[in-house]
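In short: position in the sequence shown from 1, add 474, done, that's our numbering.
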Amino acid sequence: MQFISLVLQASLSEVIFLAFESATYAFTLNGKMEPFDAPDAIKKRRMKMYNELLHMEPQQIIAENQDFESFVAQKRSSMIEYLKSTVFTGFDRIDGDQFDIKFLRLCKAVWLLHLVAFACAPASAEIFRVPPDSPYMPDYMKENEDIQPRTDLVPKGQANKQRFVAFVTVPGFTLRNSCIKADVCCVDSLC
475 MQFISLVLQA SLSEVIFLAF ESATYAFTLN GKMEPFDAPD AIKKRRMKMY
525 NELLHMEPQQ IIAENQDFES FVAQKRSSMI EYLKSTVFTG FDRIDGDQFD
575 IKFLRLCKAV WLLHLVAFAC APASAEIFRV PPDSPYMPDY MKENEDIQPR
625 TDLVPKGQAN KQRFVAFVTV PGFTLRNSCI KADVCCVDSL C
């Protein structure tokens, strides 16, 4: 059951963070480009919006911000389409109200993260996704504490053998000299 939860988390992250690295992540969802403005003015506007939205409920943001409303609608549609097209056949039995509340909170958190990341100097934060079969690097990745490698399956003398990533559940981020580690699940933890 825990494996299914991790796969669902990985799928949700893939959908919600798609195009995050673009400075116009959600500002062009309506098909219209923002008029050109000085980069410093754009950064100030994003930081101001971040501060205004930080303590608001997601439903209130939807009512007041058309870009956020479009972002949520597009991400919800993509997520539902993905869930219906995969092995998650029980999706129609999920409590819709609970899903909506949690999904809106997730959308708000990602929206605010993007606003603040692109309001800072340098102009961009970087998201990094870890492809399957990548070597596990503890400086940039972490594994859920509930999931530990199966050391009983490791032959004697190979305890320090290189670990490899099976899949990423949440991407990582770098901003200036800081790193938010990616959440991953390693191959040896799936045994």
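C-beta atoms are modelled at their ideal positions from N, C-alpha and C, and glycine is treated no differently.
Item to complete: Counting only runs of 3+ residues fully inside the region 591-615, write out the beta strand (DSSP E) ranges in chain order.
Response: DSSP runs (the beta strand (DSSP E)) wholly in the region 591-615: 600-602.
Worksheet item: When we look at the beta-carbon of H529 and count the other beta-carbons within 10 Å, is it buried (16 or more) or exposed?
Response: Along the sequence shown, one-based indexing puts residue 529 at 55. H529 is exposed by the Cβ-count criterion.
Worksheet item: What residue range is occupied by the uninterrupted alpha helix (DSSP H) comprising S551?
Response: Working through the sequence shown from its first residue, we reach residue 551 at position 77. DSSP places S551 in the uninterrupted alpha helix (DSSP H) bounded by 540-558.
Worksheet entry | Whole-Å CB distance - V639 paired with V604, under 8 Å assumed | Along the sequence shown, read from residue 1 onward, the residue named residue 639 stands at position 165. Along the sequence shown, read from residue 1 onward, the residue named residue 604 stands at position 130. The Cβ separation is near 5 Å, so the contact holds.
Worksheet item: Under a Cβ-count criterion, where at least 16 other Cβ atoms within 10 Å of its own Cβ denotes burial, should A583 be classed as buried or exposed?
Response: The residue labelled residue 583 in the question sits at position 109 within the sequence shown. Around the beta carbon of A583, fewer than 16 other beta carbons lie within 10 angstroms, which makes this residue exposed.
Worksheet entry | Rounded straight-line distance, which links the Cα of M553 to that of S485 | Here residue 485 corresponds to residue number 11 of the sequence shown, with the count starting at 1. Here residue 553 corresponds to residue number 79 of the sequence shown, with the count starting at 1. Those two C-alpha atoms are separated by around 8 Å.
Practice prompt. Compute the Euclidean distance between the alpha carbons of S608 and V642, then round it to the nearest angstrom.
Written response: Against the sequence shown, residue 608 aligns to sequence position 134. Against the sequence shown, residue 642 aligns to sequence position 168. Roughly 10 Å separates the two Cα atoms.
Item to complete: Name the residue from E488, A656, D574, S663 whose alpha carbon lies nearest to the alpha carbon of Q636.
Response: Residue 636 sits at position 162 when you count from the first residue of the sequence shown. For Q636, the closest of E488, A656, D574, S663 by C-alpha to C-alpha distance is S663.
Item to complete: Have a look at Y524, C594, D657 and flag the residue whose alpha-carbon is nearest the alpha-carbon of R650.
Response: Indexing the sequence shown from 1 puts residue 650 at position 176. Nearest of Y524, C594, D657 to R650, Cα basis: C594.
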